[in-house]
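Mapping of the sequence shown onto the numbering used here: residues 4 to 1117, in sequence order.
We treat Cβ as the ideally placed atom computed from N, Cα and C, and that holds for glycine.
Structure, as structure tokens:
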Amino acid sequence: MVDQFFKLPARYWAYAGLVFSLSLALATVVVLSLHDYQQQVQQREADSLAELHAQGLQDHLIRAFSVADALAGVVRFTRGEFNDFERFSAELLRNYPGVLMVGLAPGGVVDMIAPLEGNAANLGRDLFADPQTARDAWLAVDRESLTISSLVTLADNREVIVGRVPVFVEDDQQRQFWGLVSVLVGIQELSQSADLQHLQDRGYGYRVLRFDSLSDRYETVLSNREVLADNYITGNFELPNSRWQLRIEQEPDGGLPYLAMRMTLALLVSLLLAYLMLSMLRVRWQREHLEHEVALRTAAIEQGRQRTEGIIRAIPDLLFELDLAGTYLAYYSHPERLEAPFGQLRGRTVSDVMPAESASRVMAALREANDQGWSTGQYFQLPTTCGERWYELSVARKPGSEPAVFVVLSRDITQRIEAEQTARDNLARYEAQVSATNTGAWEYDTHSNTLYCNDEYFVLLGMDPQTLSAAQRSDIWYVWVRLIHPLDQARAVRRFVRYMRDQSLALYEDQVRVRHADGHWVWLLVRGRYITSAEGERSGRFVGTVMDFSEQVAATERLRLTTRAFEQSTDGFLITDAEQRIVMVNKGFTRITGYPEAEVLGKNPNILSSGRHNRAFYQRMWRDIDAEGQWQGEVWNRRKDGSLYPEWLTISSLLDEQGQVSHYLAVINDITQRKQDEQRIYRLAYYDSLTELPNRPLLEQRAAQAFSLAARHQSQVALLYIDLDNFKNVNDSLGHEVGDTLLVAIARRLQGILRDEDTLARSGGDEFMLLLPEVDANGASQIAEHILQLLADPIAAQGHELVVTASIGIALYPDDALDLGSLHTKADIAMYRAKALGRNAFSFFTPALQTHYVRTLEIENALRRALELDQLSLNYQPQHELATGRLLGFEALLRWQHPELGQVSPAEFIPVAENSGLILPIGDWVIEQAMAQLGRWHAAGHTWLSMAINLSAAQFNAPDLAVQVASLLRQYQLPAGSIELELTETIAMQDPDLAVSIMQQLHQQGIRLALDDFGTGYSSLSYLKRYKLQTLKIDQSFIRYLSATNDDAAIVNVTINLAKSLGMQTLAEGVETREQLDFLRRQGCDIAQGYLLSRPLPAELATTYITSYEVFST
């Protein structure tokens, strides 16, 4: 039944589809409208739920944080003298159960907490210095109103949100900041509020969030689930100075199952209506289809009967029906082909009308057909009025006939039999002829699939035919197919089969390799043709010959290879006759010279002459050719376009049978590319790829020549080592492409002032070496001065106008060194001396420079392992308050004790550390060791002590400086104000805007900053106002010769007054006399350090000094 549905016409399916679509569309509209209405109702209920609970949470928090206003009012009323804090707070906590803790922080430091039990660890906490509370605390003071924080973690890891109210008290008409009142609401207690507990009990997921204006996003304060589904609803509410959200996870959409069920029902109804429509149409179609099938079957039967009669009439053979006894039952073919009317044969047997031999063959065919169902291949002979005729039988038993009835087809094959006999006769004659020509002959019978080969065939393949059996000799596989070369076998078989399939009467011909008995391959030419009758009809036999033509194949292959080598060679070939007239050229000749063959035939090869070789050259060449028969060498010739090219030319004489020269053969190899490659390799090996200046290997060669010449002439050679100043800044700021362009321009500019014998080489990124033969010190200084002036002019580089300076070191041969390597080293040392002089200068090498250079290298190498070998240490120099004489803290000073170099001065090794990049790891070590020591002193109870630590430029500019210091403060439990970082004027003014930014970061953490060596640099007062500094350090150079009347006193006095006007302290370093101390105290200097008070002390002595120092008299 299902199959019948699929056989229905397409229009019936279209009708059913239309019914289904219309009914489904109508049902869908109704179902979706109902579902949309239910969704709107659910969303209104969800929004109401979020707003209701957000309002409840807002009321809960406002009520809790109102405690802060109450406490603040009491503090203001008592002007900060809140003596009954514990009792008052306990009463408030009983009335406001949502409040976890309250606290008072005069000046920002937590001083009172209720309840105190379990919360004492929070006493002493500086709300303005603690990174976790500082921002909210400053915000509350700035806005002078209640400010509610984000999530805060207490010392016991409890999480709270804090409401802080700044308290200002009035005294004598003055309003002053007293401190902060803090109310802490625990996150655990907040989660148990009525609104949030109601959501928890009903299974809702929720999240309470506070908007962080700094990050411009909401941060989670409280959540009862780690992940909240995306379909949450939001209730917004405001708290003082903050925005909050309550996000509630919506209940799963309960309407979806009902929607799916309704849509399924609508689909089923639509399918049912479509099915009913389709069933009605199927009944109609079945009636129409049955009528059509009956008409088709009737027409087909009639056509089959007519077709069978036509086939029988078209068969040219005789067609009978016989029974198993050989009785003639019927005749279906042409009556005129019988010797007598069939009526005379009906009912008679074949034995009655045929000779006995022929009748027996017919009966044998009937019996075979009776046993097997069919029989073919029986031949018999009958006498007729036209003579003896041969017939071939094909017999088949009619299916279902009882007794058995046979259809017998009798074909006249007389002409075929006669043609085969004629062919055998002709073959016998042909074999005799072939045998006489030593050519193999063969015959293939297509009916029996057997091959016959004559003895000459086997002799060609080195086989003895007498050793082969008859079966082997007639087996086409054994004597033919298996012997064919594997590469020829498939092709030869396909060609042979195709020839037989096409029934072609044309000549068959093939060339194959066949294996000889001794193993080598023999090329055979195979030819053959079908044997045909006199009328041109094919027989079943195929005859032919095989002939060995291996020698012809080898000769042809040699000729083909020679021709291909001549034509396809990349070298040029040129052949002339004995009179040197060109008779042949190949394509390689045309490619190299540009001359096509037609333009050079009959001409002399001297048309290629370049004119670069004289007559004597060609005379020697032809003399060698006549004497040796060959010549080869490098020749320059001219192409058709006039360009010259180098070639490797080989000319050989070709002799005829009498030993006389008949031709000349010239082989031309174009070596242009090789010459170019050699030149390119030379350039790569001896020249810089960017500037195309000589490189170090070429400079060494020329230096060796210059030194040798100078030794003979007893003269000097100058080597100038040129290093561009601050070239790295160009690459870093403008990019390497601009830097490369600048280097090329500088190289061109320097080359313009050189003599032919001078050599300018590039030895590194921004380094050049200039070798000046026959130049003494005076000449070298003049050239160096010229170079500096030359570089002073701006250079254009990719749209930028750049001014470059250089530092030049000069060394002389033989005064300073006897080889280039040593001379380079001496010039390098002199160059660094020029840089030390301020750059844009030149300097000659001196032995003293080498001593300094060696000392610097020695210090740098030793310094690289100083940390690893624990050779560095810190000393601590006390800093005293001048007004009271009390100890305020220490300055950490780095010391280095080397086992061989001894005590190395910081003034000597710190510049080396800065230049070598070692200052960063050493500086990090100093910061950590100094803060660790201060941490030990604080832990011992000396919590008032501070530590001053010097910063290098690399440390100050490090992006993680603030993070590093903050981490160490936490690690050693130090207040931020106990650390003072010192930086010099030079560091601060390298990039003032960057310095302001870094100082701002450190200042926000509460870290103190001091400007060291003030007055020795070039500080800008405009920037000094912007720097977040607490201390100006007066350099000891102003203190050393201080008296009440000299210029140093005036400078010190101005510095002290400037610091006071900017709200800073002053610290004088290097105080060594009582006179200096008294002067500084009179001028209002705040702090002093120096040998008068104490030398720098190791950590153990500094620890003793803390408790044993004597306060100097004031």
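Please tell me whether, using a cut-off of 6 Å, the distance from the CB of ASN698 to the nearest non-hydrogen atom of the ligand COA is below it.
The ligand COA is not among the ligands present in this structure, which contains no ligands whatsoever.
Please return the same chain residues whose Cβ sits closer than 8 Å to the Cβ of ASP215, not counting the five positions on each side in sequence.
Residue numbering aside, residue 215 sits at position 212 when the sequence shown is read from its first letter. Excluding positions up to five away in sequence, the list reads SER153, TYR221, GLU222.
ASN953 - partner residues in DSSP beta bridges
Numbered from 1 along the sequence shown, position 950 holds the residue referred to as residue 953. Bridge partners of ASN953: GLU985.
VAL664 bridges to which residues according to DSSP?
Against the sequence shown, residue 664 aligns to sequence position 661. According to DSSP, which records beta bridges pairwise, VAL664 is partnered with LEU658.
Please determine, among ASP996, TRP940, LEU1012, the residue with the shortest C-alpha to C-alpha distance to VAL968.
Along the sequence shown, one-based indexing puts residue 968 at 965. The candidate whose alpha carbon is nearest that of VAL968 is LEU1012.
Candidates HIS1006, ALA1053, LEU325, of which the one nearest TYR1030 by Cα:
The residue you call residue 1030 lines up with position 1027 of the sequence shown. TYR1030 has its Cα closest to that of HIS1006, out of HIS1006, ALA1053, LEU325.
Assuming GLN1092 contacts GLN880 under a Cβ cut-off of 8 Å, what Cβ separation, rounded to an integer in Å, is found between them?
As a working note, residue 1092 is residue 1089 in the sequence shown. As a working note, residue 880 is residue 877 in the sequence shown. Between GLN880 and GLN1092 the Cβ distance is about 5 Å, and since that is below 8 Å, they are a contact.
Is DSSP giving GLU147 helix, strand or coil here?
The sequence position of residue 147 within the sequence shown is 144, counting from 1. Coil at GLU147, not helix or strand.
Restricting to Cα atoms, I'd like to know which of GLU1072, THR1076, SER1097, LEU193 is closest to ASP1089.
Locating residue 1089 in the sequence shown gives position 1086, counting from the first residue. Nearest of GLU1072, THR1076, SER1097, LEU193 to ASP1089, Cα basis: GLU1072.
For ARG485, count neighbouring Cβ atoms within 10 angstroms of its own Cβ and tell me buried if that reaches 16, exposed if not.
Here residue 485 corresponds to residue number 482 of the sequence shown, with the count starting at 1. Counting Cβ neighbours within 10 Å, ARG485 comes out exposed, since fewer than 16 surround it.
What residue range is occupied by the uninterrupted alpha helix (DSSP H) comprising PHE323?
Within the sequence shown, the letter at position 320 stands for residue 323. Looking at the DSSP string, PHE323 is not in any alpha helix (DSSP H); the run it does join, the beta strand (DSSP E), is 321–326.
Please give me, in chain order, every unbroken run of the alpha helix (DSSP H) with length at least 4 that falls completely inside the segment 45–113.
88–98
I'd like the span of the alpha helix (DSSP H) that includes ARG686, first residue to last.
Mapped onto the sequence shown, residue 686 falls at position 683. From DSSP, the alpha helix (DSSP H) with ARG686 extends over 675–689.
Span of the alpha helix (DSSP H) holding LYS1063?
Position 1060 of the sequence shown, counted from the first residue, corresponds to residue 1063. Residues 1050–1064.
Does the segment 966–985 come close enough to the segment 124–132 that 3 or more CB-CB pairs lie under 8 Å?
yes
With DSSP collapsed to three states, give me the class of ARG765.
As a first step, residue 765 is located in the sequence shown; it is residue number 762 there, counting from the start. Three-state DSSP puts ARG765 in a strand.
For GLN679, does the count of other Cβ atoms within 10 angstroms reach 16, so buried, or fall short, so exposed?
In the sequence shown, counting from the first residue as 1, residue 679 sits at position 676. Burial call: exposed.
Excluding the 5 residues preceding and the 5 following GLN552 in the sequence, name in chain order all residues of the same chain whose CB lies nearer than 6 Å to its CB.
As a working mapping, residue 552 is identified with position 549 in the sequence shown. For the record, residue 552 in the displayed sequence is Phe; it is not Gln. Answer for PHE552: TRP526, LEU528, listed in chain order.
So what does DSSP say about SER970, is it helix, strand or coil?
Within the sequence shown, the letter at position 967 stands for residue 970. Helix.
Going by other Cβ atoms of all chains shown within 10 Å of its Cβ, with 16 needed for buried, is GLN633 buried or exposed?
Taking the sequence shown and counting its residues from 1, the one referred to as residue 633 is at position 630. By the 10 Å Cβ count, GLN633 comes out exposed.
Run through the DSSP bridge pairs and tell me what PHE23 is partnered with.
The residue given as residue 23 occupies position 20 in the sequence shown. In the DSSP output, where bridge partners are listed per residue, PHE23 has none listed.
In whole angstroms, give me the CA-to-CA distance for SER273 and ARG265.
Numbered from 1 along the sequence shown, position 270 holds the residue referred to as residue 273. Numbered from 1 along the sequence shown, position 262 holds the residue referred to as residue 265. About 12 Å.
Outcome for ASP374 when other beta-carbon atoms lying within 10 angstroms are tallied against a minimum of 16:
Residue numbering aside, residue 374 sits at position 371 when the sequence shown is read from its first letter. Exposed is the call here.
Could you say which of ALA799, ALA750, GLU760 lies nearest to ILE790 if we only look at CA atoms?
Along the sequence shown, read from residue 1 onward, the residue named residue 790 stands at position 787. Minimum Cα distance to ILE790 is reached at ALA750.
Looking only at its own chain, which residues have a Cβ that is under 6 Å from the Cβ of ASN953, when we skip the five neighbours before and after it?
Against the sequence shown, residue 953 aligns to sequence position 950. So the qualifying residues of the chain are GLU985.
On the three-state DSSP scale, how would you describe ALA820?
Residue 820 sits at position 817 when you count from the first residue of the sequence shown. Coil at ALA820, not helix or strand.
Return the Cβ separation of VAL741 and GLN801 in integer angstroms, given the expectation that the two are a contact with Cβ distance under 8 Å.
Within the sequence shown, numbered from 1, the residue matching residue 741 stands at position 738. Within the sequence shown, numbered from 1, the residue matching residue 801 stands at position 798. With 8 Å as the limit, VAL741 and GLN801 qualify as a contact, their Cβ atoms being about 5 Å apart.
For ALA709, I'd like the list of residues in its chain whose CB is within less than 7 Å of its CB, leaving aside the five on either flank, ordered along the chain.
Walking along the sequence shown from the start, residue 709 turns up at place 706. Closer than 7 Å at the Cβ level, and outside the excluded window around ALA709, lie VAL720, LEU774, PRO776.
Out of curiosity, what's the CA-to-CA distance linking ILE811 and LEU763?
Within the sequence shown, the letter at position 808 stands for residue 811. Within the sequence shown, the letter at position 760 stands for residue 763. The alpha-carbon atoms of ILE811 and LEU763 are separated by roughly 14 Å.
Roughly how many angstroms separate the alpha carbons of SER1022 and THR989, rounded to a whole number?
Stepping through the sequence shown from its first residue, residue 1022 is reached at position 1019. Stepping through the sequence shown from its first residue, residue 989 is reached at position 986. Since pLDDT at SER1022 reaches only 49, below the 50 mark, its modelled position is unreliable, and the value read off the structure follows with that caveat. Approximately 8 Å between the Cα atoms of the pair.
Who are the Cβ neighbours of TYR1139 in its own chain at under 8 Å, not counting the five residues just before and after it?
The displayed coordinates of the chain run from 4 to 1117. Any statement about residue 1139 would go beyond what the structure contains.
Do LEU577 and ALA669 have their C-beta atoms within less than 7 Å of each other?
Here residue 577 is taken as the residue at index 574 of the sequence shown, counted from 1. Here residue 669 is taken as the residue at index 666 of the sequence shown, counted from 1. Yes, these two residues count as a Cβ contact at 7 Å.
Near ILE674, what residues of its chain come up, given a Cβ to Cβ distance below 8 Å and the 5 sequence neighbours on each side ignored?
In the sequence shown, counting from the first residue as 1, residue 674 sits at position 671. Contacts found: GLU637, PRO649, GLU650, TRP651.
Length-filtered (4 minimum) alpha helix (DSSP H) runs lying within the segment 188–244
190–194, 197–204
Cutoff 6 Å; reference ASP226; Cβ partners in own chain excluding five residues on either side:
Counted from its first residue, the sequence shown places residue 226 at position 223. Going by the sequence as given, residue 226 is Ser instead of Asp. Excluding sequence neighbours, SER226 sits near ARG210.
Buried or exposed: where does GLY443 fall if 16 or more other Cβ atoms within 10 Å of its Cβ makes it buried?
By one-based count along the sequence shown, residue 443 stands at place 440. Answer is buried; the Cβ neighbour count reaches 16.
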